[in-house]
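Everything on this sheet refers to the single structure shown next.
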Amino acid sequence: MKPLIPLVLALGGAVAAQASDTVTVVMEQATETGPGASLGTVAIRQSAYGLVFTPQLKGLEPGIHGFHVHMLANCNAVEVDGKLTPAAAAGGHWDPKNTGRHGFPWEDDAHLGDLPALHVAADGSASQPALAPRLKRLDELHNRALMIHAGADNHSDHPQSLGGGGARVACGVIKVPTSSEPI
299 MKPLIPLVLA LGGAVAAQAS DTVTVVMEQA TETGPGASLG TVAIRQSAYG LVFTPQLKGL
359 EPGIHGFHVH MLANCNAVEV DGKLTPAAAA GGHWDPKNTG RHGFPWEDDA HLGDLPALHV
419 AADGSASQPA LAPRLKRLDE LHNRALMIHA GADNHSDHPQ SLGGGGARVA CGVIKVPTSS
479 EPI
């Protein structure tokens, strides 16, 4: 009879590979004192068409909200222009190609962190998935922040910079487990 250890190791590897196809981000209120109450989660899953962001959120203002990946894995408030600013420690929109331009999620010459708008229902919940076609692998998002802004995002720098989305109202740190980390 063959030992079971190779089978167990093989199954463990399959579980780890499967787990790395999806990551769940806890979204918390962005406040002047740092992360606040949990608003729910956003699952980020790899697909053949790009990364899919599926929110399970409650307690947000109804309407359309800016939704972005930000540079740094830090949702703390920091002082900006002499004023404590919620979630400002996350830095700006993720822009690894240094385009310096806010745009649509499918444009090649815009921030890579520009995501489709987040739709919040009249009851303050959000559950509609958003596809980010230029984002292909979860590991690219490791140690970044996921941000929800107060207002809508027009995916342009005009008439206001960064789509005019407004204040940061919710933030979550994206942690993607590596194959060497326990599940």
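Using our numbering, read the sequence shown as starting at 299 and increasing by one per residue. The beta carbon of each residue, even a glycine, is placed where N, CA and C say it ideally should be.
How close, in whole Å, do the beta carbons of residue i and residue j come, if the pair is a contact with beta carbons under 8 Å?
i    : j    : result
A415 : H363 : 7 Å
L382 : A375 : 5 Å
I472 : L433 : Rounded, the Cβ-Cβ distance is 11 Å, inconsistent with contact.
V321 : I342 : 5 Å
Can you tell me whether residue i is buried or exposed? The criterion is at least 16 other CB atoms within 10 Å of its CB, across all chains shown.
i    : result
S459 : The pLDDT assigned to S459 is 47, lower than 50, so where the model puts this residue is not dependable; a value taken from the coordinates is nonetheless given after this. With fewer than 16 other Cβ atoms within 10 Å, it is exposed.
G338 : buried
E326 : buried
R435 : exposed
P457 : Residue placement at P457 is flagged as unreliable, the pLDDT there being 40, under the threshold of 50; a coordinate-derived value is accordingly withheld.
P360 : exposed
A424 : buried
G470 : buried
V340 : buried
Determine which residues share a DSSP beta bridge with residue i and list them.
i    : result
K381 : V378
V471 : A443
L416 : H363
H368 : H391, A443
R466 : H447
L429 : V350
A424 : L355
T320 : R343
Does the CB of residue i have a neighbour CB from chain C at under 9 Å?
i    : result
L439 : Checking the listed chains, one finds no chain C in this structure; it contains a single protein chain.
Kindly confirm or deny that the stretch 346 to 359 and the stretch 391 to 401 touch, where touching means at least three C-beta pairs closer than 8 Å.
no
For the stretch 380 to 388 against the stretch 421 to 430, do three or more pairs of beta-carbon atoms, one drawn from each stretch, fall closer than 8 Å, so that the two count as touching?
no
In chain order, which alpha helix (DSSP H) runs of at least 4 residues are fully inside the stretch 322 to 352?
none
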